[in-house]
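Residues in the sequence shown are numbered from 5 upward in steps of one, following our numbering. Using N, Cα and C, we set each Cβ at its ideal position, and we do this for glycine too. Quick caveat: nothing in here was measured; it's all calculated off a predicted structure. Everything on this sheet refers to the single structure shown next.
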Amino acid sequence: MIELQAPAADLIGFEHAATTAEEKAQYAKALAQLKQPETLFGIAPAAACQLAHQEIKAPQPEEAHEGHDHDAAHEEHEGHDHDAAH
Numbered sequence: 005m006i007e008l009q010a011p012a013a014d015l016i017g018f019e020h021a022a023t024t025a026e027e028k029a030q031y032a033k034a035l036a037q038l039k040q041p042e043t044l045f046g047i048a049p050a051a052a053c054q055l056a057h058q059e060i061k062a063p064q065p066e067e068a069h070e071g072h073d074h075d076a077a078h079e080e081h082e083g084h085d086h087d088a089a090h
């Protein structure tokens, strides 16, 4: 079993909803690549693996970042000095 969980920014270069034609094309390209796990992961034919199930959970391009409170995700870092020597 292979499970991949990644932020949209790592897969398509941004997390916000795709608005431009270029962003929508990036989204479509990434989704198309994810739909080809045999190519994406390069599993050796000698392994004799077969795809039994594939599921992609991804928001539509116009929904990519809706419902995510960006500021809340960073609240845990408040008061932390990134420049402080550890």
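| Asked | Found |
| --- | --- |
| Are the Cβ atoms of Gly17 and Gln9 separated by less than 8 Å? | no |
| Would you mind sorting Ala25 into buried or exposed? The rule is 16 or more other CB atoms within 10 Å of its CB. | exposed |
| Compute the Euclidean distance between the alpha carbons of Ala56 and Ala12, then round it to the nearest angstrom. | 25 Å |
| Check whether the Cβ atoms of Ala52 and Leu35 sit closer than 8 Å, and answer yes or no. | no |
| Which of the three DSSP states, helix, strand or coil, is assigned to Ala56? | coil |
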